[in-house]
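Encoded as structure tokens, the structure appears first; notes follow it.
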Amino acid sequence: MTAASGVDAASTIAVVGTGVAGTTAALTLRNAGFTGRVVLIGDEPDEPYRRPPLSKDVLRGTMSPGRTRLRAPDTWSQHSIELRTDTRVSGVDAEARRIIFADGTGLDFDRILLATGGLPKVLPQARGVGGVYTLRTLADVSALHGVLAAGSRLLVIGAGLIGSEVAATARDMDCAVTVLEAQPAPLSRVLPREITRVYEELHRASGVDLHTGVDVRELIHEGDQLAATDAGGRVHSADAAVVAVGLDPRTELAEHAGIATGDGIIVDEHFATSAPGVYAAGDVANHPNHVLGGRQRVEHWLNAQEQGAAAARAMLGDRTPYSCVPWSWSDQHGVTMHVCGWPEAAEDLTVRGEPGARDFTAIARRHGRVVGAVGMNRPAELRALRKVVSAAPHAEQAVLADPATELASLASLEVAGTSS
Amino acid sequence: MKIYRCEVCGFEYDESQGWPDEGIAPGTKWEDIPEDWCCPDCGAAKADFVMVEVSPA
Ligand SMILES: Cc1cc2nc3c(=O)[nH]c(=O)nc-3n(C[C@H](O)[C@H](O)[C@H](O)COP(=O)(O)OP(=O)(O)OC[C@H]3O[C@@H](n4cnc5c(N)ncnc54)[C@H](O)[C@@H]3O)c2cc1C
Ligand SMILES: [Zn+2]
Numbered sequence: 001m002t003a004a005s006g007v008d009a010a011s012t013i014a015v016v017g018t019g020v021a022g023t024t025a026a027l028t029l030r031n032a033g034f035t036g037r038v039v040l041i042g043d044e045p046d047e048p049y050r051r052p053p054l055s056k057d058v059l060r061g062t063m064s065p066g067r068t069r070l071r072a073p074d075t076w077s078q079h080s081i082e083l084r085t086d087t088r089v090s091g092v093d094a095e096a097r098r099i100i101f102a103d104g105t106g107l108d109f110d111r112i113l114l115a116t117g118g119l120p121k122v123l124p125q126a127r128g129v130g131g132v133y134t135l136r137t138l139a140d141v142s143a144l145h146g147v148l149a150a151g152s153r154l155l156v157i158g159a160g161l162i163g164s165e166v167a168a169t170a171r172d173m174d175c176a177v178t179v180l181e182a183q184p185a186p187l188s189r190v191l192p193r194e195i196t197r198v199y200e201e202l203h204r205a206s207g208v209d210l211h212t213g214v215d216v217r218e219l220i221h222e223g224d225q226l227a228a229t230d231a232g233g234r235v236h237s238a239d240a241a242v243v244a245v246g247l248d249p250r251t252e253l254a255e256h257a258g259i260a261t262g263d264g265i266i267v268d269e270h271f272a273t274s275a276p277g278v279y280a281a282g283d284v285a286n287h288p289n290h291v292l293g294g295r296q297r298v299e300h301w302l303n304a305q306e307q308g309a310a311a312a313r314a315m316l317g318d319r320t321p322y323s324c325v326p327w328s329w330s331d332q333h334g335v336t337m338h339v340c341g342w343p344e345a346a347e348d349l350t351v352r353g354e355p356g357a358r359d360f361t362a363i364a365r366r367h368g369r370v371v372g373a374v375g376m377n378r379p380a381e382l383r384a385l386r387k388v389v390s391a392a393p394h395a396e397q398a399v400l401a402d403p404a405t406e407l408a409s410l411a412s413l414e415v416a417g418t419s420s
Numbered sequence: 001m002k003i004y005r006c007e008v009c010g011f012e013y014d015e016s017q018g019w020p021d022e023g024i025a026p027g028t029k030w031e032d033i034p035e036d037w038c039c040p041d042c043g044a045a046k047a048d049f050v051m052v053e054v055s056p057a
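Quick note, the sequences are listed as chains A and B, same order. Quick note: the first sequence, position 83, residue 83 per full-length UniProt numbering, numbers continuous. Quick note: the second sequence, position 13, residue 13 per full-length UniProt numbering, numbers continuous.
Structure, rendered in structure tokens:
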């Protein structure tokens, strides 16, 4: 902690959100030596837990919900972190530096971190329709597990990461699964076209009835049956549906406080919002992209964790700009994929290995620079590439394709500055 | 047989089951896994794992 930080042992730092960004921030404040008051507030009833297993082992029933607990229950008290679960923040007065809770009480703070994550986007056609589920919280997963365990015919609307994982898990549980995706391919927001093909094949080989380019016009629940009608008039029927069409960042506290928002809460490379003393991190934060330029909002576990840690250090006066590269993984039909950087921004793709055999690394270049990678069955290569992407060096495709190339060595080829 | 959990993402390595996907046979002790192995999910290094007690929960 530096003198410039403006916080000391008499200060209070409030953290809103008990997800991985908020909890990591609270713990990082302590690890970095902050001795003032830390209050960690979340509206979910559960103690902090991990979301990634919710669409995988927990939904399948092969991991108990208790196993998702993020930290041992006594962690918070041990670190003198005041954890308040089941507590809704209804307003933040950025000027007076005061939180207002739903019950009308308040809390004065010196710094606040908004790590409020997001909620599943609502499909207007599905609003209020029976038999329709979304998946974000532990509470959501138990209801959905019951549906799948009953062997229901499931309709999954949206083949992004969560929709695709739910479809795969439902197949594991022997449900008949139909997936309806508006884009021409599954996972098209995160992967280049060549790689989305691997997933089309994987889903189909695993018995998923996948329909792409489908515009769901109407969803009707009648006599325990759901019927989704697409723009072509085709009707897809099922017992239940999961809508997984993206995330709406929870920006309402920031908006009402007059803080700049766009797609998420706008922050700088130190996670500071437009209001002094107010920071944001995790799925809700819209931050500068240090490699491609511009801004981005990342919805991945590791990034929420890294951002929470970086924001906490920034609140204590650390001026190191954030420079982590997106990293995520997905488990579907027994295959794990790793993604780093921005493969969706690829102008060309260099493939090492065999996508068809689900053993490959595909390296994405933009303007000749390495900006992302996707891989299956090659975690070590992807891990090396994450460092490479951070430096975004220029590299020839022939070099990238050569199995003899030590990928990690590319990171030191040339360190490019932020450009486009 | 012990279970090790990745501090980063929560992935668990169960010695009794090994990790056959990457050629780590059931029963392989944590100490015997190569140092350059990383978490099958998040990619964290072996050093980022912590040991957890097996709990039936
Ligand atoms: C089913 C599922 C599977 C996933 N799988 C993967 C994966 O395999 N790999 C990967 O990299 N990522 C995965 N993710 C994404 C990853 O889990 C998220 O990026 C991460 O959890 C985001 O953390 P966060 O702390 O930013 O937000 P969140 O975890 O959403 O936490 C925000 C918290 O703030 C609370 N909150 C919001 N507003 C208020 C308020 N006004 N008052 C009080 N509390 C409030 C919310 O209730 C919530 O608990 C998955 C996500 C889901 C849902
Ligand atoms: Zn991990």
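We put the beta carbon where it would ideally sit given N, CA and C, even for glycine.
When the alpha-carbon of Pro355(A) is set against those of Asn286(A), Glu200(A) and Leu413(A), the nearest one is in Glu200(A). Taken through DSSP and simplified to helix, strand or coil, Tyr13(B) comes out as strand. Counting the other CB atoms within 10 Å of its CB gives Asn31(A) a total below 16, which places it among the exposed residues. Under the 8 angstroms criterion on CB atoms, Pro48(A) is classed as non-interfacial with respect to chain B. With fewer than three CB-CB distances shorter than 8 angstroms, the region 250-258 of chain A does not count as touching the region 289-308 of chain A.
Residue nearest to Leu148(A) within the set His394(A), Arg60(A) and Asn286(A) is Arg60(A) (criterion: CA-CA distance). Within the same chain, Cβ atoms closer than 8 angstroms to the Cβ of Ala25(B) are found at Gly18, the five residues on either side in sequence being excluded. Counting only the Cα atoms, Ala115(A) lies some 19 angstroms from Ser11(A).
Distances between the C-beta of Asp215(A) and the heavy atoms of ligand 2 are all 7 angstroms or more. Under the Cβ distance rule, Gly10(B) counts among the residues neighbouring chain A, one pair being separated by less than 8 angstroms. Under the Cβ criterion of 8 angstroms, Gly43(B) is counted among the residues facing chain A. The beta-carbon separation of Arg366(A) and Ala345(A), rounded to 5 angstroms, stays under the 8 angstroms limit for a contact. A direct Cα-to-Cα measurement between Ala314(A) and Cys42(B) gives close to 25 angstroms.
For Asp32(B), there are no C-beta contacts with chain A under 8 angstroms, since the nearest C-beta of that chain is about 18 angstroms from it. C-alpha of Tyr49(A) to C-alpha of Leu138(A): approximately 8 angstroms in a straight line. Val214(A) sits away from Glu165(A), with the two beta carbons spaced by 8 angstroms or more. Taking 7 angstroms as the cut-off, one finds no heavy atom of ligand 2 near enough to the beta carbon of Cys340(A). When Cβ-Cβ separations below 8 angstroms define contact, Cys6(B) makes no contact with chain A. Ile41(A) and Tyr4(B) have their C-alpha atoms spaced approximately 29 angstroms apart.
8 angstroms or more divides the Cβ of Ile13(A) from the Cβ of Phe101(A).
The closest heavy atom of ligand 1 lies less than 7 angstroms from the beta carbon of Val284(A). Within its own chain, the residues whose Cβ lies closer than 7 angstroms to the Cβ of Ile162(A), once the five positions on either side in sequence are excluded, are Ser55, Leu135 and Ala244, listed in chain order. For Ala143(A), the distance from the CB to the nearest heavy atom of ligand 2 is not below 7 angstroms. Contact check for Pro249(A) and Asp224(A): beta-carbon distance about 35 angstroms, past the 8 angstroms limit, so the pair fails to qualify. Per DSSP, Ser152(A) lies in no beta strand (DSSP E) segment and is marked neither H nor E.
For Leu59(A), no Cβ of chain B is located within less than 8 angstroms of the residue's own Cβ. Less than 8 angstroms separates the beta-carbon of Phe271(A) from that of Ala310(A). The Cβ atoms of Asp48(B) and Glu7(B) lie closer than 8 angstroms to each other. When DSSP states are grouped into helix, strand and coil, Glu22(B) belongs to the helix group. Nearest Cα to Ser330(A) within the set Ala304(A), Asn286(A), Met376(A) and Gly294(A): Met376(A). Taking 8 angstroms as the CB threshold, Asp36(B) lines the interface with chain A. Ranked by Cα distance from Arg352(A), the options Gln78(A), Val92(A) and Val399(A) are led by Val399(A).
Between Pro184(A) and Thr229(A), the gap from beta carbon to beta carbon reaches 8 angstroms or more.
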